[in-house]
Structures are given as C-alpha cells and as structure tokens.
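One structure is given here, and the rest of the page talks about it.
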Amino acid sequence: MNKYVGDEIPKQKLIEIINNTISFKIPLKKIEDSIYSLELFHGPTLAFKDIGAKFMAQCLDYFKSSYSSKKITVLVATSGDTGGAVAKGF
C-alpha cells in the first residue's frame with residue numbers, strides 16, 4: 002500500500018490505518034485444490050465495500066487531523082450497498 006501512498010502518510014500511521022480498517026475477520030475458504038475465496042462480506046454492513054469505505058474514512062481522518070485548518074467535504078452519491086458501507090466507515 003505504501004507504493005500508492007508514497008510520502009503522504011507515514012509508514013507507521015499507514016500500518017495503523019490498515020489495522021483499524023481490517024477490524025473484522027475475513028475468512029479464506031477453500032473451494033477446491035488451488036482455488037480459494039476471500040470472503041469480504043463479513044464487515045459491519047455485510048458488503049465487500051466495507052473494507053474500501055473504512056480505509057477511505059481512516060485516511061480522511063488522518064488528513065483532517067494533519068490539515069486541521071482546512072475544511073474537508075465528502076460528497077457521496079450512490080445506490081445499493083455502497084452508501085451503507087461508506088456511512089458505517091465513518
């Protein structure tokens with residue numbers, strides 16, 4: 002992940018964000034030999050988007066505290082389970 006974030010978030014803080022993001026079990030189920038499925042739907046809203054939404058919320062929280070004099074606005078338009086995952090991420 003550090004490859005994509007670069008110097009924007011210090012490595013230790015990024016590790017903390019990732020650990021906070023993955024705060025629920027994500028089972029790896031064997032389907033057959035050499036085929037596995039990572040069940041990403043065990044989060045708080047039961048949607049695979051819980052992981053991305055929570056990561057985004059954790060990053061925005063970091064930037065909010067780093068740039069406290071700046072206002073951050075998050076505008077979301079969605080349908081389906083994305084809205085619930087984003088709302089729960091915050």
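Reading the sequence shown from the start, the letters are residues 2 to 91 in the numbering used here. For glycine and all other residues, C-beta sits at the position ideal for the given N, C-alpha and C.
Q. With a Cβ-Cβ cutoff of 7 angstroms, do Asp51 and Ala86 count as a contact?
A. yes
Q | One or two residues paired with Tyr68 in a DSSP bridge | A | Beta-bridge pairing links Tyr68 to no other residue.
(Q) Considering only the alpha carbon of each residue, which of Phe64, Phe42, Ile36 lies closest to Ile10? (A) Phe64
**Q.** Pick from Leu39, Ser69, Gly53 that is closest to Asn21, judged by C-alpha positions
**A.** Gly53
Q) Alpha carbon to alpha carbon, what distance is there between Leu41 and Lys31? A) 14 angstroms
Q) Hey, would you say Lys4 sits closer than 7 angstroms to Pro45, going by beta carbons? A) no
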